[in-house]
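Each residue of the sequence shown is one higher than the one before, starting from 1482 at the first, in my numbering. Note that beta-carbon positions come from the ideal geometry of N, C-alpha and C, so glycine has one too. Data block below; observations after.
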Amino acid sequence: MGIISKINQMLGFTKNETRIILFLTITFLAGIGIKIFKSSYTSKPEYDYSSVDSEFYARSAIADSASLKLSSKENLADESNGTGRQILSSKNSSSININSATITELMGLPGIGEGIAQKIVAYRKINGNFKSVSDLKKVGGIGEKKFEKILPLVTVGK
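Okay, here's the thing in structure tokens:
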């Protein structure tokens, strides 16, 4: 008689019940063995982020100082729109000539960011000077609402 038969007689299990218990026990022990093996022989390398962090802080400081220099040179208006960028208004300044305005001057208009200001200058370079203020609608990013906001603040000059 084999070992399994003796265990069956002592515990009162059938042959199939003993096989299932034996299979589950072997599977459980194999899983524990694999887990111990993986944890002892494979370790995750620790990454030192201090060099990347120091580079980030250095570049941030350079960017901050560059933006401070830029904002101190801007000579737009006294009114601010809450983003730190100064906005021109029809109350306190004269109109901007869109045929000679720089990107920084155009960014002073309400609703005009750096991207749209660059598009205005690019359109002016490709197509020549604006013939009328309504030609601004041909620039991508300037719709009817934005045009109505900036209309009293811009001119094509003479």
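Mind reading off the beta-carbon distance from Lys1630 to Gly1592? Whole number of angstroms is fine, and I expect it under 8 Å.
Here residue 1630 is taken as the residue at index 149 of the sequence shown, counted from 1. Here residue 1592 is taken as the residue at index 111 of the sequence shown, counted from 1. Indeed, because the Cβ distance is near 5 Å, the residues count as touching under 8 Å.
Could you give the residue range of the alpha helix (DSSP H) that holds Ile1593?
Counting from 1 along the sequence shown, the entry for residue 1593 is found at position 112. From DSSP, Ile1593 is part of no alpha helix (DSSP H); its letter is neither H nor E.
State the Cα-Cα distance for the pair Lys1626 and Val1614, rounded to the nearest angstrom.
In the sequence shown, residue 1626 corresponds to position 145, counting from 1. In the sequence shown, residue 1614 corresponds to position 133, counting from 1. If you take the alpha carbons of Lys1626 and Val1614, they lie about 14 Å apart.
Starting from the N-terminal side, write out each stretch of the alpha helix (DSSP H) that is 4 residues or longer and does not extend beyond the stretch 1494-1536.
1496-1522
Where DSSP assigns a beta bridge to Asn1489, which residues make up the other side?
Taking the first residue of the sequence shown as 1, we reach residue 1489 at position 8. DSSP output for Asn1489 lists no bridge partner at all.
So, is the C-beta of Gly1592 closer than 7 Å to a C-beta in chain B?
No chain B appears in this structure, which consists of one protein chain only.
If we call anything under 7 Å between Cβ atoms a contact, is Asn1610 one with Asn1580?
Here the question's residue 1610 lines up with position 129 in the sequence shown. Here the question's residue 1580 lines up with position 99 in the sequence shown. Going by C-beta atoms, Asn1610 is nearer than 7 Å to Asn1580.
Go to Ile1631, then tell me how far its alpha helix (DSSP H) extends in each direction, as first and last residue.
Taking the sequence shown and counting its residues from 1, the one referred to as residue 1631 is at position 150. Element bounds for Ile1631: 1625-1631.
Looking at Thr1499: is its Cβ nearer than 7 Å to the Cβ of Ile1513?
Against the sequence shown, residue 1499 aligns to sequence position 18. Against the sequence shown, residue 1513 aligns to sequence position 32. Ile1513 is positioned such that its CB atom lies no closer than 7 Å to that of Thr1499.
Run the CB neighbour count on Gly1621, radius 10 Å, all protein chains shown included, and call it buried at 16 or more, exposed below.
Indexing the sequence shown from 1 puts residue 1621 at position 140. That one is exposed.
For Thr1583, which three-state DSSP category applies?
Taking the sequence shown and counting its residues from 1, the one referred to as residue 1583 is at position 102. Three-state DSSP puts Thr1583 in coil, outside helix and strand.
To the nearest whole angstrom, what separates the beta carbons of Lys1612 and Val1637, a pair I think is in contact under 8 Å?
By one-based count along the sequence shown, residue 1612 stands at place 131. By one-based count along the sequence shown, residue 1637 stands at place 156. Rounded, the Cβ-Cβ distance is 7 Å, consistent with contact.
With distances taken from CA atoms, which of Asp1616, Thr1495, Ile1507 is nearest Tyr1604?
Working through the sequence shown from its first residue, we reach residue 1604 at position 123. Checked all of Asp1616, Thr1495, Ile1507; the closest Cα to Tyr1604 is Asp1616.
Mind checking who Val1602 pairs with in its DSSP beta bridge?
Taking the sequence shown and counting its residues from 1, one reaches residue 1602 at position 121. Its beta-bridge partners do not exist; DSSP assigns none.
Would DSSP call Asn1573 helix, strand or coil?
Sequence index remark: in the sequence shown, residue 1573 carries index 92 (1-based). Reliability fails at Asn1573, whose pLDDT of 42 lies under 50, so the model's placement of it is uncertain and the value that follows must be treated cautiously. Coil.
Check whether the Cβ atoms of Ile1623 and Val1602 sit closer than 7 Å, and answer yes or no.
Numbered from its first residue, the sequence shown carries residue 1623 at position 142. Numbered from its first residue, the sequence shown carries residue 1602 at position 121. No, these two residues do not count as a Cβ contact at 7 Å.
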